[in-house]
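See below for the structure under consideration.
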Amino acid sequence: MKLTSVQRLKSSYFLKDLLRHSKNTIGQLITAGLNDLMPPHCLSCHKEILQPQSICEDCWPQLSFLTQPICHCCGYPFENNIGISNQSYCAACHAKRPHFHMARAAVTYNDLSRDLLLKFKHGDQQHIAPLFTRWLNMAALHFPEDIDVDYVIPIPLHRKRLIKRRFNQAALLAKRYAKQNDLIYIPNLLQRIKPTKPQGHLSLKARRRNLQGAFSVPQTFHKKLENRTILIIDDVYTTGSTVEEAAKILRKNGAKDVYILSVARVIRPQKVD
Ligand SMILES: [Zn+2]
Ligand SMILES: [Zn+2]
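Read left to right, the sequence shown gives residues 364 to 636 (my numbering).
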């Protein structure tokens with residue numbers, strides 16, 4: 364069977380990842396040998412690079428990392444810091460406080476991050492997960508230090524979409540993030556019980572309607588959720604409607620606080636309604 368260059372690249376990433384986690388010297392020697400044979404490539408433009416599972420120096424400046432000044436609640440970036448403190452809220456959060464306590468994202472959703480995220484989500488390029496998990500860790504630095512997360516969960520996919528796509532990209536990231544931070548990962552604490560329409564072109568109001576009744580917490584988790592702090596991981600924060608609905612259901616079922624962590628965030632002028 365002949366492998367395409369992309370398949371070869373993916374299998375080498377898989378093998379390197381496997382060996383990186385085997386902590387013995389033989390594993391390290393084989394990894395070094397594989398790096399010589401198949402040097403790491405930029406995850407975006409495929410240019411040869413030194414550091415595996417990262418992006419090159421030409422692609423890096425095209426990323427826009429979200430830093431202060433941002434909304435204390437949803438993490439929306441302010442244009443400047445005039446009159447802004449670490450506790451300032453954006454217009455949308457002022458008008459209606461979300462059910463989640465805080466949301467943070469690593470980068471702005473732009474050409475480069477979109478390309479990487481689409482490859483990860485639809486192109487089955489799961490070797491991008493370590494890079495995204497590093498970014499999630501960076502974004503989490505914007506949370507207060509004293510947050511005590513009880514469970515890490517992903518935004519779930521409906522069963523039908525999961526069968527079609529074969530994996531839940533948010534679950535893959537949530538699992539890695541929880542493992543790296545020594546937190547408890549519960550993939551099915553929140554379930555998607557309604558197959559919602561794709562939300563791409565829906566207005567904010569239509570998105571909210573579309574998501575009504577989309578999530579539920581199985582009876583078996585009701586006690587577990589009581590008074591707990593939940594961290595939801597998602598790949599992209601678009602309007603916040605999905606995580607808002609998820610947080611609402613978690614709070615309704617007894618969760619104390621809900622935090623949101625995403626790889627990228629779509630930044631559009633805010634519409635308050
Ligand atoms: Zn590059
Ligand atoms: Zn806000």
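We treat Cβ as the ideally placed atom computed from N, Cα and C, and that holds for glycine. Model, not experiment: these values are computed from the prediction.
- Distances from the CB of residue 418 to the heavy atoms of ligand 1 include at least one below 7 Å.
- Pairing residue 610 with residue 463, the inter-Cα distance amounts to about 5 Å.
- For residue 512, there is no enclosing beta strand (DSSP E), since its DSSP letter is neither H nor E.
- Within the same chain, 432, 434, 435, 441 come within 8 Å of residue 451 by CB-CB distance, once the 5 residues on both sides are set aside.
- In this structure, the alpha-carbon of residue 467 lies about 11 Å from that of residue 598.
- Check the Cα spacing between residue 535 and each of 582, 556, 517: the tightest is with 517.
- Within 7 Å of the C-beta of residue 476 there is not a single heavy atom belonging to ligand 1.
- For the pair of segments examined, the segment 500-507 was found not to touch the segment 445-459: the number of CB pairs separated by less than 8 Å stays below three.
- The DSSP-derived three-state label of residue 421 is coil.
- With respect to residue 614, residue 578 sits apart: the two C-beta atoms are not nearer than 8 Å.
- Each of 480, 628, 485 was checked against the Cα of residue 493, and the nearest Cα belongs to 480.
- Proximity of the segment 505-516 to the segment 536-552 meets the contact definition, three or more beta-carbon pairs being nearer than 8 Å.
- A heavy atom of ligand 1 is found nearer than 7 Å to the CB of residue 407.
- In the same chain as residue 566, and ignoring 5 residues on each side of it, no C-beta atom comes closer than 8 Å to its own.
- Annotated three-state conformation of residue 501 is helix, per DSSP.
- In this structure, DSSP gives residue 625 an extended state, which the three-state scheme calls strand.
- The beta carbon of residue 560 is closer than 6 Å to those of 573 in its chain, skipping five residues each way along the sequence.
- Going by beta carbons, residue 475 and residue 519 fall outside the 8 Å limit.
- Distance from residue 606 to residue 593 at the Cβ level is roughly 11 Å; contact not present, criterion being Cβ atoms closer than 8 Å.
- Judged by beta-carbon spacing, residue 478 lies beyond the 8 Å limit of residue 417, meaning their Cβ atoms are not closer than that value.
- Counting along the chain, the unbroken beta strand (DSSP E) around residue 594 starts and ends at 592-600.
- Between residue 471 and residue 630, the CB-CB gap stays under 8 Å.
- Residue environment for residue 496: buried (at least 16 other C-beta atoms within 10 angstroms of its C-beta).
- Distances from the CA of residue 473 to each of 632, 627, 633 were compared; the closest alpha carbon is that of 627.
- When DSSP states are grouped into helix, strand and coil, residue 555 belongs to the strand group.
- Separation of residue 619 and residue 402 (C-alpha to C-alpha, rounded to the nearest whole angstrom) is 47 Å.
- Each of 434, 436, 437, 439, 452, 453, 455, 456 has a C-beta closer than 6 Å to some heavy atom of ligand 2; these make up the full list, in chain order.
- Excluding its 5 nearest sequence neighbours in each direction, residue 482 has C-beta neighbours in its own chain below 7 Å: 488, 491, listed in chain order.
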